[in-house]
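Protein chains in written order, with the working numbering: chain A, 3 to 388; chain B, -13 to 217.
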């Protein structure tokens, strides 16, 4: 610790250069933390999906509405245990900066299909009794400071059947999941939403389907799609896991992409940091010689240079990852993701550990040559400018 | 008085390009404890080489060098570094202070190698800066000090570990006459009142006049040795 002033002094010698290098490392580790956080978050999405739920969407266009009449036909397919339609109200809560998506569904069917959805039985019963009732995920409840019994006013973006844009929902319950962060949806009763809608009545943007045997998910999916093969509203059915993986597959190999970007950024950074440290050591040849003159051993001077690289890399990496851990939940907690049951993503602990190891490696690799140069520095030659 | 520096048949050469140049030829010298020795001579006569050998910055090719009771020619690099920290204070022509550190931090640097606590180091630094008359400039950086003040900080740094020997290479070479006088008077006080042994290389006869013994070097040998009364 007592040598810290010497390390800081070396870094302060050219503050602009140090700051710029520091910012580069901060940016690189911010990218690393954010991208790896997203990477792990996406993996979590896949992990949380199930092969025992099917998702029926329009074959023409994902998200395009299908007739509600499909529900009865899907229910009649052997192996199907429950069907929940989804209709959506998009609006804002109190302020335009609080966008919100309400999902109108058959909540009893949802409970049958999604066994991981945990709701108190009396709250599920209250949902049945209350036409404008909503069951809200615990994360959203916390986000807005809501409690059961509150009334939520919502300003819809489209007019209702009565010409107004104002919706009112009563919170009758709250649900949680094994991963509570991801309990973000707001479920309303399909009938209530459907009756009030100005346009798009008796439609569903998707059907959530429970099946009796996950091993038969492919056959049941095919059977559902066959039912609508001659319909103007053809369907595309897949189990939830396949559906998510197909969607992600359209992005490409995101894992490789993210790892590649991080690798390229860190590799470039290595040269930048190495150059900064090397330049700093070259400029301080006489100063390092003076330290040796005063009694610092060759090894001590070498460690001072390495400590300089280590301090720069560790401080900047810590700042970068801290920034990522602050920004990532913020940028991944939008209403569109919430409506899909995707909670805010966080920088996983493993990434903090990996960042520490990477920063250490960065310091070692970038600092080792300048440190060896400092160690080998000949006092007499350095002081005489040779 | 005991000899604090003893050189016997010391030979030192350097390689310049493909040529090997012998800078010191079988040199013998003894410096007694408490002496203020001035080293004079033309450029290339071997003054700085001799100073580097006595200060433990370099090793001889041949011969024995004993300083403060230690055979320097037999020490390893790390032993030599530890020995320098304990026994020698260096004062350079261009001060060689660390530019981003304040005066007190510069003076503290040699003490970082000791086991003294932060409080003890601070107390010692304050005493050293008071000795060179720079207590009020403790927090100033070298660029905020005049040449004479910077050299006084360098002297405080050289003294801070209470070394056996002060080695000064042209300590007034970069100073105006008034500042040079102040530095030389300070060195004289350190020599006379604190008994510090000082070896000073100089080209300046006025600076040399402060020495109690003057050695003239020429072509790697001691040409003349005169003991004198200090100015």
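Virtual Cβ for every residue (Gly too), placed ideally from N, Cα, C. Keep in mind it's a predicted model, so treat the numbers as computed, not measured.
The segment 202 to 272 of chain A contains, as complete beta strand (DSSP E) runs of 3+ residues, the segments 208 to 213, 237 to 241 (chain order). The continuous beta strand (DSSP E) containing residue 202 (chain B) extends over residues 199 to 204. The three-state reading of DSSP puts residue 10 (chain A) in helix, counting H, G and I together. As computed with DSSP, residue -2 (chain B) is found in a beta bridge with B:10. Distance between residue 162 (chain A) and residue 177 (chain A), taken at the CA atoms: about 28 Å.
In this structure, residue 30 (chain A) and residue 322 (chain A) form a Cβ contact; the two beta carbons are roughly 7 Å apart against a cut-off of 8 Å.
Looking from the CA of residue 132 (chain B), the closest CA among B:203, B:34, B:-11, B:161 belongs to B:161.
Residue contact with chain B for residue 11 (chain A): present (Cβ-Cβ distance below 7 Å to some residue of chain B).
Listed in chain order, the positions of the segment 266 to 291 of chain A with a beta carbon within less than 7 Å of a beta carbon of chain B are 288, 289. Taking 7 Å as the cut-off, the beta carbon of residue 76 (chain B) is found no closer than this to the beta carbon of residue 142 (chain B). Within the segment 120 to 146 of chain A, the runs of alpha helix (DSSP H) at least 4 residues long that lie entirely inside it are, in chain order, 123 to 131, 140 to 146. In the three-state DSSP reduction, residue 34 (chain A) falls in the helix class (H, G or I). Apart from the 5 residues on each side of it in sequence, residue 136 (chain B) sits with its Cβ closer than 7 Å to the Cβ of 81, 83, 128 in its chain, given in chain order.
Excluding its 5 nearest sequence neighbours in each direction, residue 26 (chain B) has C-beta neighbours in its own chain below 6 Å: 194, 202, listed in chain order. Taking 7 Å as the threshold, the shortest C-beta distance from residue 44 (chain B) to chain A falls below it. Taking all protein chains in view, the Cβ of residue 290 (chain A) is crowded by 16 or more other Cβ atoms within 10 Å, so the residue is classified as buried. Residues of the segment 364 to 384 of chain A with a C-beta atom less than 8 Å from some C-beta of chain B are 381, 382, listed in chain order. For residue 183 (chain B), the closest C-alpha among the options B:164, B:49, B:165, B:148 is that of B:148. Proximity of chain A to residue 95 (chain B) at the Cβ level (cut-off 8 Å) is accounted for by 8, 293, 296, in chain order. Per DSSP, reduced to three states, the secondary structure at residue 312 (chain A) is helical. Residue 157 (chain A) is bridged by DSSP to A:94, A:168. Using a CB distance below 9 Å, the part of the segment 298 to 311 of chain A facing chain B consists of 298, 299, 300, 301, 302, ordered along the chain. Along the segment 9 to 43 of chain A, going in chain order, the ones with a CB nearer than 7 Å to a CB of chain B are 11, 14, 15. For residue 4 (chain A), at least one C-beta of chain B is nearer than 7 Å to its own C-beta. Between residue 121 (chain A) and residue 104 (chain A), the gap from beta carbon to beta carbon reaches 7 Å or more.
In this structure, residue 50 (chain B) lies near residue -6 (chain B), with their beta-carbon atoms less than 7 Å apart. Only exposed fits residue 257 (chain A), as fewer than 16 other CB atoms lie within 10 angstroms of its CB. Residues of chain A with a Cβ closer than 9 Å to the Cβ of residue 76 (chain B) are, in chain order, 292, 295, 296.
Within a 10 Å sphere around the beta-carbon of residue 252 (chain A) sit fewer than 16 other beta-carbons, which makes this residue exposed. Within the same chain, Cβ atoms closer than 8 Å to the Cβ of residue 114 (chain B) are found at 93, 142, 143, 145, 146, the five residues on either side in sequence being excluded.
One alpha carbon belongs to residue 42 (chain A), the other to residue 27 (chain A), and they sit about 22 Å apart.
When Cβ-Cβ separations below 7 Å define contact, residue 124 (chain B) makes no contact with chain A. When only Cα atoms are considered, residue 327 (chain A) and residue 334 (chain A) end up about 11 Å apart.
According to DSSP, residue pairing for residue 88 (chain A) in a beta bridge involves A:208. When CB distances to chain A are screened at a threshold of 7 Å, not a single residue of the segment 141 to 173 of chain B falls below it.
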